[in-house]
Amino acid sequence: MLYINCPHCGLRSQNEFAYGGDATVKRPELNKEISDQEWDNFVYLRKSPRGKHLELWHHISGCRQWIKVERDTSTHEIFKTYKANEAIE
Amino acid sequence: MSQDFRLDNVGMVNREKKISFKFNGKKYFGFEGDTIASALIANGVHLVGRSFKYHRPRGFFGVGVDEPYAILQLDRNNERDPNIRATEQEIFEGLEVKSVNCWPSVNFDIGAINNFLKMFFPAGFYYKTFMWPPSFWYKIYEPFIRMAAGFGEASIKHDKERYEHKYEYCDLLITGSGPSGLASAYAAAKNGARVILAEDKPRFGGSLLTSDVNIGNQTGVEWTEKIIAELKSMPNVTVKNRSQVFGYYDHNMLVMSERISDHLPKTQKYLPKQRLWYIRANEVLISSGSIERPLVFGNNDTPGVMLSSAAKEYMKVYGVLVGKKPLIFTNNDSGYETAIEFKKNGVNPIILDTRSNPSSDIITEAKNLNIEIKFSYVVVAAKGYKKVKSADIAKISDDKKELFNIENIKCDCICVSGFWTPSIHLASQSGNKSKFNEKIDAFVPDKSKQQENTIGSANGIFTLEETIKDAFDKGFDVSNKITEKNNKVSVPTVVEKKSTDHDKFWCVPLPKGKSYKRFLDFQNDVAVSDIELALREGFRSIEHVKRYTTLGMATDQGKTSNLNGLQLVSDIENKVVPQVGHTTFRPPYTPVSIGAIVGREVGKHSKPTRKSPMHSWHEKNNAVFVDAGVWLRPRYYKQGNEGLFEASKREAKNVRQNVGVCDVTTLGKIDVKGPDAAEFLNRVYTNAWLKLPVGKARYGVMLREDGIVMDDGTTTRISENHYHMTTTTAQAANVLSHLEYYLQLVWPELNVNVVSTTEQWAGAAIAGPNSRKLLMKLFSNLDVSNEGLPFMGYKEADLFGVPAKIYRISFSGELAYEINVESDNGYFMWEKIMEVGQEFQIQPYGTEALSTLRIEMGHVAGSELDGRTIPYDASLEGLVSKKKDFIGKRSLNRSAFTSTDREKLVGLVPIDKTTSIPEGSYIVKDPKAKLPNPKLGHVSASCWSVEYDNPFSLAIIKDGKNMIGQKLFAMSPLKNKTIPVEIVSSHYVDPEGKRVRS
Ligand SMILES: [Zn+2]
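Line by line, the protein sequences give chains X and E. Read in order, the letters of the first sequence are residues 1 to 89 in the working numbering. Read in order, the letters of the second sequence are residues 90 to 1087 in the working numbering.
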């Protein structure tokens, strides 16, 4: 079970969190004309890297904040955690 | 039966307390502190089971977790417990155990015929034998395998015992209380660290209980007692026996199973049977020791052949002789320690040493005690069927290939030692890649992956002096990283006998003309010949060899078999062991009971139960409840002999004719507040929200980004910047997460907050033509006329002194209102509604009537919004704004979503107007068409229309809107029904929606 450092609450066990997918995906702006391809990439296409991955976690049984977690997908090492809109180093 | 093999005045069992127990129905005696194994051996019993594949007789091989043979089934308080290791289970008064894997009895086992058919059971026999013909599977192969397989029967009764889970945090977890565990725990505890010391056996001390050593002028046992007593007295230390750390997971989370009551005749009140500890440790020191390796020779699975360290432990800890004419077969000095112990207890052992001319302190001591030693000697084969009676022994050439002078000598046990294998399981589970240590011919942990270090013999350190010094250092180092107290205790002096190198030899060659089975894996009956066959058949990867032969795949996880298997593979392949590599170690290290894993989450505790504030009223009025997620909701209220069908019909009819009341507390409720709330809702919902006036409600649909409907519900503008959103019961939690996602991550510039208020409000829906009249009496000061409170209107009012919110919304399609009060007032509200409603023929209605009402109105719910429908499929196109953008809008342009043959919502009526259509039925054109019959759609929901008194269903059908009027067939292969149906509009009742506006 992972041990995730919520930037709002501190170190908490994984069972307080829900996984939220790739944190680098950016939603296209509203009302913007975009191609089918761009939209499909946003909705469906996700990378599945081995190694460092910036991902979203939702502290659902805690502060209910969405946070960003930089994690190694093969070793599960967590390098850093960020608030939702904190700048990523 | 007397304990013929019990020594006087030796061992640690409590001679004052005699304990009786039953094995296979026969009564035996042992002493408090005995395991089943030690007590049976004391009584001269060695035959305890049959092997897995060939049903060969099985005795005892080890003395702890490594035991591959002695697996029994236990009866305790009328509960059955399978897969009990006799070497670990302590006896208690009244204990009953029996053998498994044998029928009809352990002495006469029909399956043993497999032993004579063994040419048919080579490696991979499951894959080869049970393949053809397919029809044999069901009737012949499967029953055969089921009869033959398994280590006991699980009880099918509810387990009445209690199991608990505990979460714990510490600076340092130490997994084993042998010399390294004790030393490091002491050093770390004295340096102020919070320490947990776990020992899987009942007694602390590990190898110190059986070795002839001296630490700080004390014997190993005395030193252990002193250290444990001091650790127990320290507030920063938790010391646990009978506790196995069996799994090492991510981020230094380890799981330990504590056997609290397994050794007691009855679980004491307030005590659980077992407790599972989830331990988050800053640092871990793995001190799980090492397991003696067997030597491989003919019939080496015969009862009476066992590890020499086990024989020594049976003597020193339990005061039990495993035999009175022992043969010690060893490739290293450890066998001598066992021989010396036999000699001290008046038994004359013979040592066969594979080495030609070793010399060390221990060998000298054995010689001085006049123990017979044969150098360059091996056991060729054990003789005897149910117990060792003699052994064929031989001199072996220096290159270990030729056997000379084969002779038979009498013996009643063969104690083998093939050197030691470090238990690297936990380190390996932590992600630590192991490395091969040539000096000890075994794998040891390599670089740490997590915050873990391995100490003592688990790390391949086999001298006590080095072990103690290293463990004191490690205990101090890892604790000082945390406490920074620099409190270092001094290392005691250690006196031990020096030993010399082991012989790199494990497998005795077969003499010419003999085909003895030489076993590697004792639990899964994997012999040398099986590995040879697998390699001949082309298996190369050790992972493949393992799966093909089942080497190391049994419940003992190959604790005694893995390395010998690797040695054999590398010998045949002309490789060295590290080239072959080892298979992956996975948790659990030892079997864990399902009860312990589940803990308290059984029966009603398996999930939370949510009840509305009106629950007790429903109970008093004969409600029959149904699970709606974790909520309990009334399905119908039973009157007299009514069943579900009659009751729900009566309730629905009463809503259409008079008035009904339904508990809608379970609906998800979310407060949406802030200056940008309207803009936010406008982006979340598919329809327009910017112009909704205060005091008005609106129905809305929200999509996922992929265009699929996520949820629907009404949202009401309570004040300028405050909206009250409702969601379906099932989606409440997901919708809240969804809203938080967009507010926190996508549009943080919007000034809006959301919070769940589901628990804050109790809700009652009042529906039916009489509902306005009822409302007038409930809220006498309020204008509830169609003008005063129009459809989709909202009012706050006083309900007999209780503040209430009234929403004029309708799910039933009737004139209807939803009243919300604070949860604490829910029961009061409900009683008032029932009391005042009496003169209007009010009746409560449950979820079944609610479904009927919404189905015949064509209102969609979860069975239509099933994660595949877009708004156009569910007749919701009127709600999709063309002008503004919203979540998921762009996806609606996808060609798959705009194609004309998409499945759309319609109604179905059976042609005969009497046969109900099963939900899930397929819609087809021709019921007799060849399979696979092209499917046009499916039935999503069915009811008995109370308006027309005939069955009615909703269905989702290809190009449904253009199919109205057509006659098709609903087929339910499950119910074996084919029903002619007519497609009609989904709005079966009041298609113009007059009633809700009346
Ligand atoms: Zn948090």
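Note that CB positions come from ideal geometry on N, CA and C, so glycine has one too.
Non-local C-beta neighbours of E:Glu-903 in its own chain, meaning closer than 8 Å and more than five positions away in sequence, comprise Val-744, Arg-745, Ala-856, Gly-857, Pro-858, Ser-860, Leu-942, Arg-1084 and Val-1085, ordered along the chain. Using a Cβ-Cβ cut-off of 8 Å, E:Gln-833 counts as an interface residue toward chain X, since at least one Cβ of chain X sits closer than that to its own. In this structure, E:Gly-408 sits away from E:Val-137, with a CB-CB distance that is not shorter than 8 Å.
Inclusion of X:Gln-65 in the 7 Å shell around ligand 1 follows from its C-beta lying nearer than that to a non-hydrogen atom of the ligand. With its beta carbon at least 8 Å from every one in chain X, E:Glu-768 lies outside the interface. For the alpha helix (DSSP H) assignment, the uninterrupted runs of no fewer than 4 residues enclosed by the region 536–611 of chain E are, from N- to C-terminal side, 553–572. With three or more CB-CB distances shorter than 8 Å, the region 778–786 of chain E counts as touching the region 801–818 of chain E. At a cut-off of 8 Å, the C-beta of X:Asn-41 has no neighbouring C-beta in chain E. If you ignore the 5 residues before and after E:Ala-963, its C-beta comes within less than 6 Å of the C-beta of Val-949, Glu-953 and Leu-994, all in its own chain and listed in chain order. Listed in chain order, the non-local C-beta contacts of E:His-811 below 6 Å within the same chain comprise Lys-762, local neighbours out to five positions each way being set aside.
Looking at E:Ile-571, E:Ile-908, E:Ser-579 and E:Thr-572, the one whose alpha-carbon comes closest to that of E:Ala-560 is E:Ser-579. Among the bridge pairs identified by DSSP, E:Ser-379 is matched with E:Pro-511.
Taking the Cβ of X:His-58 as the reference point, every heavy atom of ligand 1 lies at 7 Å or farther away. Close partners of X:Trp-66 in chain E (Cβ separation under 8 Å): Glu-829, Tyr-830, Gln-833 and Leu-834.
Here the distance from the Cβ of X:Cys-9 to the nearest heavy atom of ligand 1 is below 7 Å. Here E:Val-533 is bridged, per DSSP, to E:Lys-524.
E:Phe-551 is classed as buried because its beta carbon has at least 16 other beta carbons within 10 Å across all chains shown. Rounded to whole angstroms, the Cβ separation of E:Gly-749 and E:Glu-735 is 16 Å, and the two are not in contact under 8 Å. Around the beta carbon of X:Arg-46, fewer than 16 other beta carbons lie within 10 angstroms, which makes this residue exposed. For E:Gln-833, the secondary structure class from DSSP, reduced to helix, strand or coil, is helix. A distance criterion of 7 Å places the beta-carbon of X:Gly-62 in contact range of ligand 1, judged by its closest non-hydrogen atom. Where E:Arg-943 is concerned, the enclosing alpha helix (DSSP H) starts and stops at 936–946.
When 8 Å is used as the limit between beta carbons, X:Thr-75 is near these residues of chain E: Gly-520 and Lys-538, in chain order.
Close CB contacts of E:Glu-402 within its chain, under the 7 Å cut and outside five residues either way in sequence, are with Val-152 and Thr-299 (chain order). At least one CB of chain X lies nearer than 8 Å to the CB of E:Pro-837. Taking 9 Å as the Cβ-Cβ cut-off, the region 47–58 of chain X approaches chain E at Leu-56 and His-58, given in chain order. A direct Cα-Cα distance of roughly 13 Å separates E:Leu-939 from E:Ala-717.
Taking the C-beta atoms as reference points, E:Ser-1029 is found no nearer than 8 Å to E:Gly-947. Close to X:Arg-27, with beta-carbon spacing below 7 Å, are these residues of chain E in chain order: Val-835. Within chain E, no C-beta atom comes less than 8 Å from the C-beta of X:Leu-45; the nearest is roughly 12 Å away. Contacts with chain X at 8 Å (Cβ-Cβ) include E:Glu-794. DSSP places E:Ala-1044 in the strand class (E or B) of the three-state scheme. Contact between E:Ser-845 and E:Ile-759 holds: their C-beta atoms lie close to 6 Å from each other, under 8 Å.
About 18 Å separates the beta carbons of E:Ala-854 and E:Leu-871, which is beyond the 8 Å limit, so they are not a contact pair. Counting only unbroken stretches of 4 or more residues, the alpha helix (DSSP H) elements lying wholly within the region 5–83 of chain X are 36–43, in sequence order. For E:Thr-815, the three-state secondary structure derived from DSSP is strand.
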